[in-house]
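K.L.:
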Amino acid sequence: MTDSKLVEGKVALVTGAGRGVGAAVAKLLAEHGARVIVNDLGGSESGEGRDRAPAMETVNAIREVGGEAEANFDSVGDTRAARGMIEQAIDCFGGLDIVVNNAGIVRDVIFHKMSEDDWDAVMNVHLKGSFNISSAGAGHFRKQESGCFVHMTSTSGLVGNLGQANYAAAKLGIVGLSKSIALDMSRFNVRSNCVAPFAWSRLIGSIPVNNDAQRARVEKLKRMTPEKIAPVVVALASDAASDVTGQIFAVRNNEVFLIGQNRPLRGIQESAGWTPSGVIGHAFPALRNDFYPLHSSADVFSWDPV
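Here numbering that gives the first Met the number 0 is used: position 68 in the sequence shown is 67, and no number is missing along the way.
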């Protein structure tokens, strides 16, 4: 298959597309023939403020090379605004085929110091925002009996990271959302997949650097650009991936991983029924060899990106 115009004639909505991964995805979708609604509130990495410049920068970059794009400056956390994004795609370009849920913020803080506002703000953008946009687009996809969702998750949720309970919970919630969409809408030829990107962005740039090991990790992350993520998203959005749904991928520089999903590892049965002491004395020892270590993402992806 040729690597040109994989999404020719399709219409895409990409949230958080003013910078980083979202901008790279929007530009590559346009390069491959899609007309793109570029959504970005233009807030800070922690969600404060508004700025129309980031979304317009992506729109102008697409237009400068002959692509078609329109900007949207609303919040994905606003249900009415989410519906407006879908309506804008239909009004401007006559339809909608691809939704990329990329918008995000971070409020990193160790758990015992995390405030309710830290929790709610991250959930509102990542998890509720992904629901809002997906829900708004689902009715249109249902009617036309086709459509593609790509949701950005993170190894922070899939594996774990320090100081990111809000972000990790939201990102793992997105995995459940994506799988449910895939199951519920497969009968209508609607696909839903997740991508966990490793890429240097302003959100990653907020990672605290307190020692040489953290400093070395950040330097490695800087080599992984957002442009490395976009090809997998475009591939998932193309008709060539019509049989790919309900999956989780991770992309790290030139590496693409298929991520496992929760399944039973091992079981143990007691015919008389379990008591707490029986669980302690028999079940835990029998299962212990299959316990997961308390790893973070950096422990699991411990080798240098290639």
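Yeah, the Cβ is synthetic: ideal placement off N, Cα and C, and Gly gets one too.
Could you check what DSSP says for R251 in three-state terms: helix, strand or coil?
P.N.:
strand
K.L.:
Using the C-alpha atoms, what's the distance from R214 back to M0?
P.N.:
Residue confidence for M0 is low, a pLDDT of 48 falling below 50, so the modelled location carries little weight and cannot support an answer.
K.L.:
With DSSP run on the structure shown, which of helix, strand or coil describes G19?
P.N.:
Helix at G19.
K.L.:
Which word fits L182, buried or exposed, when buried means at least 16 other C-beta atoms lie within 10 angstroms of its C-beta?
P.N.:
Residue environment for L182: exposed (fewer than 16 other C-beta atoms within 10 angstroms of its C-beta).
K.L.:
According to the neighbour-count rule (16 or more other Cβ atoms, all chains shown, within 10 Å of its Cβ), is D90 buried or exposed?
P.N.:
It is exposed - the Cβ of D90 has fewer than 16 other Cβ atoms within 10 Å.
K.L.:
If you draw a straight line from the C-alpha of R270 to the C-alpha of G277, how long is it?
P.N.:
Checking the displayed sequence, the identity of residue 270 turns out to be Ser instead of Arg. If I take the Cα positions, the gap works out to 12 Å.
K.L.:
Counting C-beta neighbours from all protein chains within 10 Å, is the total for K112 16 or more, i.e. buried, or is it exposed?
P.N.:
exposed
K.L.:
Three or more C-beta pairs under 8 Å: does that hold for the stretch 242-258 against the stretch 179-198?
P.N.:
yes
K.L.:
So, with DSSP's three-state summary, where would you put M0?
P.N.:
With a pLDDT of 48 at M0, under the threshold of 50, the predicted position of this residue should be treated as unreliable, and no value is reported.
K.L.:
Around the C-beta of G280, are 16 or more other C-beta atoms found within 10 angstroms, so that it is buried, or is it exposed?
P.N.:
exposed
K.L.:
For R190, count the other beta carbons within 10 Å of its own beta carbon; 16 or more makes it buried, fewer makes it exposed. Which is it?
P.N.:
Counting of Cβ neighbours within 10 angstroms places R190 among the buried residues, the total reaching 16 or more.
K.L.:
Assign R79 to one of two classes, buried (16 or more other C-beta atoms within 10 Å of its C-beta) or exposed (fewer than that).
P.N.:
R79 should be labelled exposed.
K.L.:
Tell me, please, which residues DSSP counts as bridged to N192.
P.N.:
Note: N192 sits in a beta bridge opposite V149.
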